[in-house]
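Participant: In our numbering, the protein residues as written are 481 to 829. Every residue gets a Cβ at the ideal spot worked out from N, C-alpha and C, and that includes glycine. Bear in mind the structure is a predicted one, so any value in this text is a computation, not a measurement.
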Amino acid sequence: MAEHISENAPPLPASRSRETVTLADVARAAGVSTMTVSKVLRGTGAISPETQKRIFAAAGSLGYVPNRLAGALSARKSMLGAVLIPSIADAIYSEILSSLHSLLDDASLSLFIAESRMDPQVEERQIHDLLALRPAFLIRSGGIASTAQAQKLIRRMGVAHVQIWDGDDTGGPVSAGPSHIEAGKIAASHFHDLGLRKVAYIGAETGKDLCAGRRMESFAGCMRAKGAETALITDEHLPRQAESGEILTRRLLETYPGIEGIFYLNDAMAIGGLRTLLAAGYRVPDDVKVMGFNGTSREQTIRTRLTTISTDGWKLGQDVANAVLELMAGRSPDQPITCPLTFHRGNTT
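(1) Going by beta carbon distance, what residues of the same chain come within less than 8 Å of P820, once the five residues before and after it are set aside?
(2) Are I572 and N774 close, meaning C-beta to C-beta below 7 Å?
(3) Classify A806 as helix, strand or coil using the three-state DSSP reduction.
(4) Among the candidates F823, D609, K678 and P816, whose CA atom is the shortest distance from the CA of P737?
(5) Tell me, please, which residues DSSP counts as bridged to Q643.
(6) Whole angstroms are fine: how far does the CA of T756 sit from the CA of S669?
(7) Using the Cβ count rule (16 or more neighbours within 10 Å means buried), how would you classify P529?
(8) Between the region 692 to 705 and the region 725 to 737, can you find at least three pairs of beta-carbon atoms closer than 8 Å?
(9) On the CB-based measure, 16 or more other CB atoms within 10 Å of its CB, does G707 come out buried or exposed?
(10) For M515, name the three-state secondary structure that DSSP assigns.
(11) Taking three-plus beta-carbon pairs below 8 Å as touching, is the region 740 to 755 in contact with the region 636 to 656?
(12) Just how far apart, CA to CA, sit G772 and F743?
(13) Note down the Cα distance separating S812 from E806, rounded to an integer number of angstroms.
(14) For L553, name the three-state secondary structure that DSSP assigns.
(15) Would you tell me roughly how many angstroms separate the C-alpha atoms of E487 and L503, rounded to the nearest one?
(16) What do you reckon, are the CB atoms on A803 and L580 nearer than 7 Å?
(17) Once the 5 residues before and after S724 are set aside, which same chain residues still bring their CB inside 8 Å of it?
(18) Output the boundary residues of the beta strand (DSSP E) element that contains H824.
(19) Counting only the same chain and skipping the five closest in sequence on each side, list residues whose C-beta sits under 8 Å from that of A537.
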């Protein structure tokens, strides 16, 4: 049956001008049925080009935004993906998210992002809420001691699942990330080559962050095996930020005088540690050598170039996005997806 198109479609009632525009409003403006509008916006059905043009024009003029979630639930096919990371404020995750979006957006996939704050209970609740959206996939940061209930939720949903950032845990879903054990070995090897005999690791929340914990244990184990005295200064209640680096460095200097080198959990804490060392009159690197991790300080450097270890967050995001697309297509991507680590020697060692 031919669809009638009104040449003078009635305008949206004034009382509705500030409310959400519905499918029925677009149909009224285009002079067609709501079923026809639905088919055109979903790209289905044999609708004439003229009718399609009228519907798209009406939708654009009214500012109609389709309910993609409702449509996905009806069609049993979601174009929404869930991403669960420790913190959006973390520079390395910002880069990964930007990379993910650049590739998945080309596949018309949208991202819903949540934060776990490295808390297993928060992660469990977030996983429950995210899976309630019936996402097409779940991208989740590794390195958290997930609860048994969280793991059960993921298994029962049967959703495409990729774990990022933890390249050492390969016993679960598709995994992509650097080896934090290897990062600890790289730092220890550098300090050993410099002839350091009294060193320290400074970190925070290493009980929550299993990746950071592996780096710490790997570094300390390697240094002790080489005969170096190694102190561990950590605090589970401090955030992994520059201010915490300042606090814990002061604690280190008060407790372990004569430290020759410090490996920090990340670049931010290393920068805080540098402030404390310089304020206390220490010369870096002559008196104390300083090293960070994740490379986030490198782009903001002017004179002090922090020695650090980095991984390519943009490439990691692309690898994860490709793995998601493979899983959604019913194929098994090669795994684990290993992200190489790069050592950058600055002027702090």
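Facilitator: For this structure:
(1) P658, T791 and D792
(2) yes
(3) Inspection of the sequence shows that residue 806 is occupied by Glu rather than by Ala. Note: E806 maps to helix in three-state DSSP.
(4) K678
(5) Beta-bridge analysis with DSSP links Q643 to R620 and S655.
(6) 25 Å
(7) exposed
(8) no
(9) Exposed: under 16 other Cβ atoms inside 10 Å.
(10) Three-state DSSP puts M515 in a helix.
(11) no
(12) 6 Å
(13) 6 Å
(14) Residue placement at L553 is poorly supported in this model, since its pLDDT is 49, which falls under 50; the coordinates still yield a value, given next. The answer is helix: DSSP assigns L553 an H, G or I state.
(15) Residue confidence is low: E487 scores 42 on pLDDT, short of 50, so the model does not pin down where it sits. Its coordinate-derived value is still stated next. Looking at the two C-alpha atoms, the distance is approximately 19 Å.
(16) In this structure, A803 lies away from L580, with their beta-carbon atoms at least 7 Å apart.
(17) Within its own chain, the residues whose Cβ lies closer than 8 Å to the Cβ of S724, once the five positions on either side in sequence are excluded, are A684, D715, L718, M749 and G752, listed in chain order.
(18) Run containing H824: L821 to H824, per the beta strand (DSSP E) assignment.
(19) A510
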